[in-house]
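First residue of the sequence shown: 7, per my numbering; consecutive thereafter.
Beta carbons: idealized from backbone N, C-alpha and C, even for Gly.
What follows is one structure encoded as structure tokens, with my remarks underneath.
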Amino acid sequence: MLIAPVSPPAAVPIYSGFDYVTVDAQRRRVYAAHTGSRSLLIVNADSGAVIGQVRVGPMHGVAVDPATGHVFTGDGEANSVSEVDPVAMKVLNSADVGGTIDAIA
């Protein structure tokens with residue numbers, strides 16, 4: 007993947023900043039979360055435009071499955087992992103992991 011400088015995108019409205027950010031280079035999406043906002047922010051990587059938000063929970067990590075484009079988030083309060091469909095803008099599944107989540111990759 008070639009990395010080149012770009013102009014800063016427009017301001018993105020979310021809580022007070024980002025705790026977790028991941029990029030889906032294939033689909034040109036950026037996924038960002040702040041633990042306190044309880045929402046996964048979906049941003050167009052080219053324009054910086056906010057596509058939408060999905061209410062998930064207090065996230066402790068965000069990862070993308072490159073095969074499906076689905077996003078996985080770790081919930082540190084519920085000790086679960088959620089699968090988010092960013093096209094449908096909804097949580098598909100959540101699974102208890104039986105312990106504390108502090109990160110996901």
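Inset, instruction - Starting from the C-beta of S86, find all residues in its chain whose C-beta is less than 7 Å away, skip the five residues before and the five after it, and write them out in chain order. - result: Excluding sequence neighbours, S86 sits near S100, A101, D102, V103.
Legend entry - Inter-residue Cα distance where the pair is N50 and P64: Distance between the alpha carbons of N50 and P64: 23 Å.
Legend entry - Contact with chain D by D91, beta-carbon distance below 8 Å: Looking for chain D here will not work: only one protein chain is present.
Inset, instruction - Return the CA-CA distance between V97 and F78, expressed in angstroms with no decimal places. - result: Straight-line Cα distance between these residues: approximately 9 Å.
Legend entry - Proximity below 8 Å, CB of T106 to CB of G82: Yes, they are a contact pair.
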